[in-house]
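Residue numbers (our numbering): 7 to 435. Every residue, glycine too, gets a C-beta built ideally from N, C-alpha and C.
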Amino acid sequence: MKNKRGLSQIVTTIILILLIIMAIASIWIVVDRLILQGTSKINLEQFTINLKIVSAKINYSSGIAEVRVKRNPGEGNLTGIKFIVEDPRTTEVFEERFIRFEELAEKTFNIDLLISGTDLIIYEIEKISIAPIYVAGSGISESLGSISDSISGVKELNINGSEETTEENESQTGEECITNLDCGEDYFIEGTRACDIFGNVVQYKKTFECENNLCNLPKNVLTTKELCSTETTCLEGYCITEPIACTNETITTDCGIDDWIGITDCQINPEAIIQNFRTYFCNEGFCESITETRIKEECIEDEICYGGECLEALECTQNSDCIPGKICKEGNCEIEIKINNGSIRSIWPFGIGEYFDSFDLPLESANISVGQYIIFPESSQAGCLQIKEFFPATFEEGISYIRLNTASTNISDGDNYEIWETDYICSLQ
């Protein structure tokens, strides 16, 4: 009996071991399949395909978004692009296909934002993004990549893809004001009437605003000009009761005169002013029109287009545009000259010299400002220091003084000083 019991235990142990091995094998088959499926989706194309939005423009009359895309260096079989367009309430996706889109090439895509079924309000579109569609490896199945680039703030008629940012102080003219009327009187811009998707008349209005007692730069704001009633229809920016009848001989009198409309914009390469041009024609006895973008004026050789105008190209806009030793003055690089110079009357604290005063400093702020550079020729103080604070005299017989950007200096009473706008002079010491 003891031998039979021992044999039974051995058989039971062997059966348990076999069941465990079978269970492990079953689990491995499932895990292995999941790993293979996951790794099959990993490919280099999603990391190497690099797309960039160069520029974008929305034609509010036709509802067409013109988006120019550049493909940067990076391998991958690119077969299409998804365009993700957003307004404050809706996100719509548009797909564009092509046969070839080589590296370093650029393509312009015309996207119909008013295609059937979309809920986008084109006047409120605020962001456009792009994502690549590509074939992974040598296979035939397609994959969708992550967002490659986006451009925000697309409420204006034209958008540049450089993604420039405007500093807060650059959004103001510098003119002092108390009310908005001190900056200017709002007015509707001629030639910008259009119809919105609700069938009402809209038009751009030039608006002026006073903020913190300074005038902001004027803005072009799309404003509802007129609400068309149920008995009327919005056509070419006007509420009309019925289509206007015409003949080919009376187009100009019945329909209107062909003319430029909307706001001027810039074309690059070659530099030129562009604007929408509306042409009227008679179709089956009723007035219709077509609007297309045309070159209105080509800029001459030394001009650039900016803000819809041909302007003379500036040599510089900031000091860094000029070679060392020159500063930017009214668009031209000019040799830098010292702002102020003189001799120190006294320093304090004694032996430390964080502050100094001088009868040669102006009694008012004038052109002395924080951050300017000071050298002390023929003194024990080497190199440049900077102005941390400037304290103009508080009364006519007073004396102005300066606080330096270091708590301990080697300046002394009677030392000479020079104040410069840039640190170029420092490299010469």
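Per the coordinates, the alpha-carbon of I195 lies some 6 angstroms from the alpha-carbon of K211. Residues C221 of the same chain have their beta carbon placed closer than 6 angstroms to that of E181, with the five preceding and five following residues left out of the count.
Between N346 and L367, the C-beta gap is smaller than 9 angstroms, which places the two residues in contact. Scanning its chain for C-beta atoms nearer than 6 angstroms, with the 5 sequence neighbours on each side dropped, one finds around V227 the residues K211, T213, in chain order. Sorting T258, I128, V60, E298 by C-alpha distance to the C-alpha of I274 places V60 at the top. For Y66, the three-state secondary structure derived from DSSP is coil. For the pair F104 and I301, the Cα-to-Cα distance works out to about 28 angstroms. S149 carries a strand assignment under DSSP once its states are collapsed to helix, strand and coil. Shown here for C189: same chain residues with a beta carbon closer than 8 angstroms to its own, the five before and five after excluded, namely T179, E181, C183, F214, E215, C216, C221, N222, P224 in chain order. Within the same chain, and ignoring the five residues on either side of T415 in sequence, the residues whose Cβ sits closer than 6 angstroms to its Cβ are G359, Q387.
The beta-carbon separation of L110 and R77, rounded to 7 angstroms, stays under the 8 angstroms limit for a contact. In this structure, I431 sits near K344, with a CB-CB distance shorter than 9 angstroms. Annotated as proximal: I279 and T270, with beta-carbon spacing under 9 angstroms. Boundaries of the beta strand (DSSP E) harbouring D118: 112-118, taken from the DSSP string. Uninterrupted beta strand (DSSP E) stretches at least 3 residues long and entirely within the region 185-226 occur at 207-213, 220-222, given in chain order. Per DSSP, T297 lies in no alpha helix (DSSP H) segment; the continuous beta strand (DSSP E) that holds it begins and ends at 292-304. Residue state for Q378 is assigned as coil, using DSSP reduced to three classes. Residue pairing from DSSP places V99 in a beta bridge opposite I90. In this structure D419 touches S352 by the C-beta definition: roughly 5 angstroms separates them, less than 8 angstroms. The C-alpha of G337 lies about 28 angstroms from the C-alpha of N218.
By the CB criterion at 9 angstroms, R95 and I127 fall inside the cutoff. The C-beta of R106 has fewer than 16 other C-beta atoms within 10 Å across all chains shown, which makes the residue exposed.
In terms of CA proximity to C316, E307 leads the group T256, F382, T323, E307. Beyond the five residues adjoining it in sequence on each side, L391 comes within less than 7 angstroms, by CB distance, of I380, L410, N411, T412, T415 in the same chain, given in chain order.
Sequence-distant partners of I310 (beyond 5 residues in either direction) whose C-beta falls short of 7 angstroms from its own C-beta, in its chain, are E277, L317, A319. The Cβ atoms of C201 and L233 lie no closer than 9 angstroms to each other.
Residue environment: F89 is assigned as buried (16 or more neighbouring CB atoms within 10 Å of its CB, all protein chains considered). In terms of CA proximity to E92, E132 leads the group F382, N56, E132, G82. Under the three-state reduction of DSSP, D308 is assigned to coil, being neither helix nor strand. Shown here for R284: same chain residues with a beta carbon closer than 7 angstroms to its own, the five before and five after excluded, namely D264, D265, I267, S295, T297 in chain order. Shown here, S326 sits in a helix according to DSSP, grouped into three states. Apart from sequence neighbours up to five positions away, the residues of its chain that approach E101 with a beta-carbon distance below 8 angstroms are G86, I87, K88, F89, I139, ordered along the chain.
When the alpha-carbon of L119 is set against those of N373, G291, K63, the nearest one is in K63. Residues of the same chain with a CB within less than 6 angstroms of the CB of N373, apart from the 5 flanking positions on each side, are I345 in chain order. For the beta strand (DSSP E) assignment, the uninterrupted runs of no fewer than 3 residues enclosed by the region 354-413 are, from N- to C-terminal side, 361-363, 379-381, 391-397, 407-410.
By the beta-carbon neighbour count (other beta carbons within 10 angstroms, threshold 16), Y193 is exposed.
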